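This report concerns only the one structure given below.
There are 2 protein chains.
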Amino acid sequence: MAENYSSNVLDLNLGVGNGSGQVGQSLRPRCPAPFLLKTYDLLEESGDGGSGGKIVSWNGDGSGFIVWSPAEFSELTLPRYFKHNNFSSFIRQLNTYGFKKISSKRWEFKHEKFQRGCRDMLVEITRKKCEPSVFPSYLKSSSEENAITSNNSMEENNNSHQLLMEENKNLKKERLELQMQIAEFKSLEMKLLECLSQVMDNHQNKSRGQC
Amino acid sequence: MAENYSSNVLDLNLGVGNGSGQVGQSLRPRCPAPFLLKTYDLLEESGDGGSGGKIVSWNGDGSGFIVWSPAEFSELTLPRYFKHNNFSSFIRQLNTYGFKKISSKRWEFKHEKFQRGCRDMLVEITRKKCEPSVFPSYLKSSSEENAITSNNSMEENNNSHQLLMEENKNLKKERLELQMQIAEFKSLEMKLLECLSQVMDNHQNKSRGQC
DNA sequence: GGGAATATTCCC
DNA sequence: GGGAATATTCCC
């Protein structure tokens, strides 16, 4: 295991802690997720035609990247940037950040905001929401797009106020969705109880009828 | 970094997947959390008086353990068992599993179920996470507490920011409560479905027996 | 591909 | 000490 990227200082630079109070995922962080930076830099560092064949590289137009040799990539590249050497864990992260596998024949991945020469664009990439996952998928609503469309027109100064208001709005929207889900659960619970009651009644009747 | 304990096979053996299609934390897992096993084994492996002074060991009666040298422990011991060498991350895990620091003078920790010679007891130790345990009392939603408790003492027009932050905090608290309610509902739903299934099975069997 | 658990990190 | 985010793993 190497030590440049595995150093702890670089490992987690979470996008929280903006200013005074606290905010979670609804505000855009000032710096990209460590995973994205590492993956990007890993591509920049590769490519310089080394000795053997390429292990991983940008694709032709820099709109995505290709893992040419998953085996070597896992054994040699991954541990230099991450705390593991599992290709599947790397893939899991790609999926978490919304990358798409765009070829069935080779390990080529794309993300709209992940392009060669656009390291600054990485900040636009966010983890897919995993709302504490308490509800079944069939009740899941589309509370996506908390990504803030902040017009860069108004800069620094006090956009923290704007951000707070934005977050506030999102929280209220989320609250509404949660309340609706709870309503659905209540309805579902009643149906289930009703069903249970019927089945038991039915059972009772048959038992009586046959005694 | 060594490789015995860092091997992936041993890393995560989650306590889920019991029997049919069921739930994690309500059923006791068959094997302790990896963190506990590693910490226990690390203590067993130490102690054999090596060359220098002890780095970490059980305490006198085996009811807890002591990290004698945090620096060496972090640099030498931790990376052999975990994917890091940060003492604070180790402490964080201890807290997660309910260990207590029982001395202000040295790094001595205890957990009722973590004792020398009782490796089998580790399975009793669980994470302190938010178990949606059966039916607690957070079903009392704080729907009205959004009325902000503004102390009229501060009356600068700048307090709108404060108010926003306050409301924001309350919204997040409310969100958590709603999510927990949803967790309760989900648990309830599963219980109802299970119950329904049993009743119907029972019904089926009786019917068959009487035809 | 993604849900969910544990692990690691950062912050209060 | 603990909340919460990201990382890693396991499983479907």
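For the record, the sequence lines run as chains V and R. For the first sequence, the numbering used here gives the first residue as 22, with consecutive numbering after it. For the second sequence, the numbering used here gives the first residue as 22, with consecutive numbering after it. Ideal placement from N, C-alpha and C gives every residue a C-beta, glycine not left out. Because the structure is a prediction, the values reported are computed rather than measured.
query: On the three-state DSSP scale, how would you describe R:LYS131?; result: strand
query: Between the alpha carbons of V:ALA92 and V:VAL77, how many angstroms are there, rounded?; result: 11 Å
query: Quick check on DSSP: helix, strand or coil for V:ASN39?; result: For V:ASN39, the predicted model reports a pLDDT of 33, less than 50, meaning its position is unreliable and no value from the coordinates is stated.
query: Taking a Cβ distance cut-off of 8 Å, strictly less, list which residues of the region 194-221 of chain V are near chain R, in chain order.; result: GLU195, ARG196, LEU199, GLN200, GLN202, ILE203, PHE206, LYS207, LEU209, GLU210, LEU213, LEU214, CYS216, LEU217, VAL220 and MET221
query: For V:THR98, collect the residues of the same chain with a Cβ closer than 8 Å to its Cβ; drop the 5 residues on either side in sequence, then sort them by chain order.; result: LEU63, SER67, ILE76 and VAL77
query: Residue range of the alpha helix (DSSP H) that V:ILE112 falls in?; result: 108-117
query: What residue from V:SER125, V:SER84, V:VAL220 and V:GLU198 has the CA that sits closest to V:GLU133's CA?; result: V:SER84
query: Return the CA-CA distance between V:PHE108 and V:TRP89, expressed in angstroms with no decimal places.; result: 12 Å
query: What first and last residue would you give for the alpha helix (DSSP H) that runs through V:PHE56?; result: 55-66
query: Measuring CA to CA, which of V:MET221, V:SER208 and V:PHE94 is closest to V:ASN106?; result: V:PHE94
query: Please state if the CB of R:LYS122 and the CB of R:PHE130 are separated by a distance shorter than 8 Å.; result: yes
query: Looking at the C-beta of V:LEU99, does it have a partner C-beta in chain R at a distance below 8 Å?; result: no
query: Just grab the DSSP bridge partners of R:TRP79 for me.; result: R:PHE86
query: Buried or exposed: R:LYS212, going by 16 or more other Cβ atoms within 10 Å of its Cβ?; result: exposed
query: Once DSSP output is grouped into helix, strand and coil, what is the label at V:LYS194?; result: helix
query: With H, G and I counted as helix, E and B as strand and the rest as coil, what does DSSP make of V:LYS207?; result: helix
query: Which chain R residues are close to V:LEU192, counting only those with a beta carbon under 9 Å from its beta carbon?; result: GLU188, ASN189, LEU192, LYS193, GLU195 and ARG196
query: Nearest by alpha-carbon distance to V:TYR118: which of V:LYS104, V:LYS149, V:LYS194 and V:MET142 is it?; result: V:LYS149
query: Taking C-alpha atoms, which residue in V:GLU96, V:THR60, V:TYR102 and V:GLY138 lies nearest to V:PHE120?; result: V:THR60
query: Shortest alpha-carbon distance to R:SER138 belongs to which of R:SER124, R:PHE86, R:GLU205 and R:MET221?; result: Ser is not the amino acid found at residue 138 of chain R; the sequence shown has Gly there. Closest by alpha carbon: R:PHE86.
query: For the alpha helix (DSSP H) that contains V:ARG51, what are its first and last residues?; result: No alpha helix (DSSP H) contains V:ARG51, which DSSP labels as neither H nor E.
query: Would you say V:LYS149 faces chain R, with C-beta separation under 8 Å as the test?; result: no
query: Taking all protein chains shown into account, decide if R:LEU57 is buried (16 or more other Cβ within 10 angstroms of its Cβ) or exposed.; result: buried
query: At the level of alpha carbons, what is the spacing between V:ASP82 and R:GLU65?; result: 56 Å
query: What's the call for V:GLN225, buried or exposed, on a 16-neighbour Cβ count within 10 Å?; result: exposed
query: Using a Cβ cut-off of 8 Å, pull out every chain R residue sitting near V:HIS132, in sequence order please.; result: Result: empty, since nearest Cβ-Cβ is about 26 Å, beyond 8 Å.
query: From which residue to which residue does the alpha helix (DSSP H) around R:ARG101 run?; result: 99-102
query: According to DSSP, is V:LYS121 part of a helix, a strand, or is it coil?; result: strand
query: For a contact meaning CB atoms closer than 9 Å, what does V:LYS104 contact in chain R?; result: LYS104 and HIS105
query: With DSSP as the reference, label V:GLN202 as helix, strand or coil.; result: helix
query: Give the secondary structure of R:LYS149 by DSSP, where H, G and I count as helix, E and B as strand, and everything else as coil.; result: coil
query: To which residues of the same chain is V:MET142 closer than 6 Å at the C-beta, ignoring the five residues directly before and after it?; result: LYS134
query: Less than 8 Å between the CB atoms is what I'm expecting for V:ASN189 and R:GLU188, so what's the real figure, rounded?; result: 6 Å
query: Less than 7 Å between C-beta atoms, sequence neighbours within five positions excluded: which residues of the same chain meet that for V:GLN114?; result: PHE56
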